[in-house]
Amino acid sequence: MLKLIAGTIFMHEQDYNEALKYTNAGGTMELYALNVHIFLKIHRSDYAEKQLRVMQQIDEDHTLTQLATAWLDLAVGGSKIQEAYLIFQDFSEKYQMTSLILNAKAVSCMQMGNFDEAESFLLEALNKDAKDRETLANLVVCNLHLGKPSSRFLSQLKLSDPEHMLIKRELTTQENFDRAIQTVG
Numbered sequence: 004m005l006k007l008i009a010g011t012i013f014m015h016e017q018d019y020n021e022a023l024k025y026t027n028a029g030g031t032m033e034l035y036a037l038n039v040h041i042f043l044k045i046h047r048s049d050y051a052e053k054q055l056r057v058m059q060q061i062d063e064d065h066t067l068t069q070l071a072t073a074w075l076d077l078a079v080g081g082s083k084i085q086e087a088y089l090i091f092q093d094f095s096e097k098y099q100m101t102s103l104i105l106n107a108k109a110v111s112c113m114q115m116g117n118f119d120e121a122e123s124f125l126l127e128a129l130n131k132d133a134k135d136r137e138t139l140a141n142l143v144v145c146n147l148h149l150g151k152p153s154s155r156f157l158s159q160l161k162l163s164d165p166e167h168m169l170i171k172r173e174l175t176t177q178e179n180f181d182r183a184i185q186t187v188g
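Using my numbering, read the sequence shown as starting at 4 and increasing by one per residue.
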């Protein structure tokens, strides 16, 4: 249990090497799933796939195995995205619909180019939790692809989580733009 907690903390601090020191030995489905997540964060889908194979050998139908499969499918892309969507659809039928499941379905839809369907999932997630950071970030991206205004969701995200990656990137882009304008002017 302590390995899982330490690995989770280091992962959230984006210290992936340190996280893997605690989790890489595996031993439980939770540790294997966390390893898959960490390897995907560092763009090592090959290692994530190895961890997933271990999980599948232990229990192919385990919820964490299915979740890790969907994560890997989204990372790999292509025809695997539809498979990820079907896993999340299965979760939505088995379990209570949460904003996490709705966001996962929406991300799958966006990767398949179905932005209208993604928007409906995200608006449903927003109704469940109006301050959910991932829902707000995904709504910004989805609305940009749909050609709809996204400033409302971006403002809400800034209030909810000023340190969110999307907010940091927007700030960096704005600073770069301002510098470019100053050099031209």
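We put the CB at the ideal spot given by N, CA and C, even for glycine. Small disclaimer: the values here were computed from a predicted structure and weren't measured.
Contact check for residue 153 against residue 147 passes: the beta carbons are separated by less than 7 Å. For residue 146, the enclosing alpha helix (DSSP H) has its first and last residue at 136-149. Listed in chain order, the non-local C-beta contacts of residue 77 below 6 Å within the same chain comprise 87, local neighbours out to five positions each way being set aside. Here residue 119 is exposed, its C-beta having fewer than 16 other C-beta atoms within 10 Å. Sorting 33, 75, 62 and 85 by C-alpha distance to the C-alpha of residue 46 places 75 at the top.
Residue 39 is a Cβ neighbour of residue 55, given a cutoff of 7 Å.
In this chain, the alpha helix (DSSP H) harbouring residue 159 covers 154-163. A residue is called buried when at least 16 other Cβ atoms come within 10 angstroms of its Cβ; residue 69 meets this threshold and is buried. Taking a 10 Å sphere around the C-beta of residue 63, we find fewer than 16 other C-beta atoms and assign the residue as exposed. Residue ranges of uninterrupted alpha helix (DSSP H) with 4 or more members, entirely inside the region 68-135 and ordered along the chain, are 83-97, 102-114 and 118-131. In this structure, residue 109 lies near residue 124, with their beta-carbon atoms less than 7 Å apart. Contact annotation: residue 43 and residue 7 have beta-carbon atoms that are not nearer than 7 Å. Cα atoms of residue 81 and residue 114: separation of roughly 9 Å, rounded to the nearest angstrom. By the CB criterion at 7 Å, residue 137 and residue 105 fall outside the cutoff. Excluding the 5 residues flanking it on each side, residue 132 has same chain C-beta neighbours closer than 8 Å at 102 and 138, in chain order. For residue 31, there is no enclosing alpha helix (DSSP H), as DSSP gives it neither H nor E.
Residue 41 is positioned such that its CB atom lies closer than 7 Å to that of residue 14.
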